[in-house]
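Contents: one structure, followed by commentary.
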Amino acid sequence: GAVVSQHPSRVICKSGTSVKIECRSLDFQATTMFWYRQFPKQSLMLMATSNEGSKATYEQGVEKDKFLINHASLTLSTLTVTSAHPEDSSFYICSAQGNYGYTFGSGTRLTVV
Amino acid sequence: GQQVMQIPQYQHVQEGEDFTTYCNSSTTLSNIQWYKQRPGGHPVFLIQLVKSGEVKKQKRLTFQFGEAKKNSSLHITATQTTDVGTYFCAGDANTGNQFYFGTGTSLTVIP
Numbered sequence: 001g002a003v004v005s006q007h008p009s010r011v012i013c014k015s016g017t018s019v020k021i022e023c024r025s026l027d028f029q030a031t032t033m034f035w036y037r038q039f040p041k042q043s044l045m046l047m048a049t050s051n052e053g054s055k056a057t058y059e060q061g062v063e064k065d066k067f068l069i070n071h072a073s074l075t076l077s078t079l080t081v082t083s084a085h086p087e088d089s090s091f092y093i094c095s096a097q098g099n100y101g102y103t104f105g106s107g108t109r110l111t112v113v
Numbered sequence: 001g002q003q004v005m006q007i008p009q010y011q012h013v014q015e016g017e018d019f020t021t022y023c024n025s026s027t028t029l030s031n032i033q034w035y036k037q038r039p040g041g042h043p044v045f046l047i048q049l050v051k052s053g054e055v056k057k058q059k060r061l062t063f064q065f066g067e068a069k070k071n072s073s074l075h076i077t078a079t080q081t082t083d084v085g086t087y088f089c090a091g092d093a094n095t096g097n098q099f100y101f102g103t104g105t106s107l108t109v110i111p
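Protein sequences, first through last, are from chains A and B.
1 is the number of the first residue of the first sequence in this note's numbering; add one for each residue after it.
1 is the number of the first residue of the second sequence in this note's numbering; add one for each residue after it.
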């Protein structure tokens with residue numbers, strides 16, 4: 001089956017620093033990947049759609065300069081949270097579309113202190 | 001914007017009882033997906049429905065897509081403790097495959 005690897009699984013960073021999250025499709029190519037954010041006991045909120053070789057499409061209310069997305073290859077998309085603040089603390093999950101449907105990464109728990 | 005609501009938000013059932021969660025969209029959907037998220041885990045894709053009125057089954061799980069393609073349901077027959085988790089529907093109103101998640105239904109199964 002399709003596997004999506006997401007790293008790191010947990011990260012604690014100081015306020016004002018940047019954090020990069022990687023999402024890799026291990027055994028399939030994903031021309032499109034999606035980035036979601038999930039607050040405790042809430043649903044997943046789509047942040048942006050990441051397209052290989054082009055600029056990401058951001059959802060309304062998501063700051064593109066704060067959440068930088070790069071989809072450099074068919075198997076890798078990265079999300080960089082720039083100048084992180086405590087309110088950015090959340091669970092970030094990527095998803096990739098493949099032949100088996102949509103596969104999610106295991107998520108990244110970001111804590112900004 | 002597109003809104004996808006689910007009811008109920010929480011459901012406690014005795015093991016062996018049936019369970020149903022309903023998903024309603026403010027707009028017509030091109031397709032709908034269902035996911036299961038165990039506590040502390042990530043969403044796992046269950047199924048995708050595309051056709052109006054479509055019904056699909058996976059063992060004890062039955063998925064329906066409404067005739068108007070604005071609602072969907074997931075029914076579990078004879079729940080087991082392994083069914084515990086939060087079930088999300090995710091709908092896409094366009095062809096861009098941008099899925100918006102419903103609010104989720106948290107299922108607790110009492111042994």
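Backbone N, C-alpha and C fix where the C-beta goes; we use that ideal spot for every residue, glycine too.
Partners in chain B for residue i, counting only beta-carbon separations shorter than 8 Å
i	result
L46 (chain A)	Q98, F99, Y100, F101
Residue i versus residue j: straight-line alpha-carbon distance, rounded
i	j	result
G53 (chain B)	S73 (chain B)	11 Å
Q9 (chain B)	Q80 (chain B)	19 Å
K69 (chain B)	C89 (chain B)	13 Å
I76 (chain B)	Q98 (chain B)	27 Å
C23 (chain B)	G104 (chain B)	9 Å
V84 (chain B)	R38 (chain B)	7 Å
T108 (chain B)	V13 (chain B)	6 Å
E17 (chain B)	T80 (chain A)	45 Å
P111 (chain B)	S106 (chain A)	28 Å
G98 (chain A)	G66 (chain B)	26 Å
E63 (chain A)	K56 (chain B)	39 Å
I32 (chain B)	Q48 (chain B)	6 Å
Cutoff 6 Å; reference residue i; Cβ partners in own chain excluding five residues on either side
i	result
T78 (chain A)	K20, E22, N70
R109 (chain A)	R10, F91
L76 (chain A)	R24
L115 (chain A)	The structure shown does not extend to residue 115 (chain A), since chain A is modelled only from 1 through 113, so no value can be given for it.
Q38 (chain A)	L44, F91
T49 (chain A)	F34, T57
Neighbouring residues, chain A, relative to residue i (Cβ below 7 Å)
i	result
Q48 (chain B)	G101
G104 (chain B)	S43
Supposed close pair residue i, residue j - CB separation, criterion 8 Å
i	j	result
F45 (chain B)	Y102 (chain A)	5 Å
V4 (chain B)	S25 (chain B)	5 Å
S89 (chain A)	S18 (chain A)	Not a contact, Cβ separation roughly 14 Å.
K36 (chain B)	Y100 (chain B)	With 8 Å as the limit, K36 (chain B) and Y100 (chain B) do not qualify as a contact, their Cβ atoms being about 18 Å apart.
Closer than 9 Å at the beta carbon, the chain A residues around residue i
i	result
Q33 (chain B)	G101, Y102
Cβ neighbour criterion (16 or more within 10 Å) applied to residue i
i	result
L44 (chain A)	buried
F67 (chain A)	buried
H42 (chain B)	buried
S95 (chain A)	buried
Q60 (chain A)	exposed
Nonlocal neighbours in the same chain, by C-beta distance under 8 Å from residue i, ignoring five residues either side
i	result
S73 (chain A)	E52
K41 (chain A)	none
V113 (chain A)	I12, C13, K14, S15, P86
Q11 (chain B)	F19, T21, T105, S106, L107, T108
T32 (chain A)	T49, S50, N51, E52, A96, Q97
Contact list for residue i against chain B, beta-carbon separation under 9 Å
i	result
I21 (chain A)	In chain order: nothing, as chain B lies at least about 13 Å away.
Cross-chain neighbours of residue i in chain A, by beta carbon under 8 Å
i	result
F88 (chain B)	S43, L44
Contacts around residue i, its chain only, beta-carbon distance under 7 Å, and the 5 residues preceding and following it disregarded
i	result
L29 (chain B)	K69, K70, G91, D92, A93
L46 (chain A)	F34, Y36, E59
Q6 (chain B)	T21, Y22, C23, C89, G102, T103, G104, T105
beta-carbon residue i near the ligand SAH non-hydrogen atom, thresh 6 Å
i	result
R109 (chain A)	In terms of ligand content, the structure shown is empty, and the ligand SAH therefore cannot be addressed.
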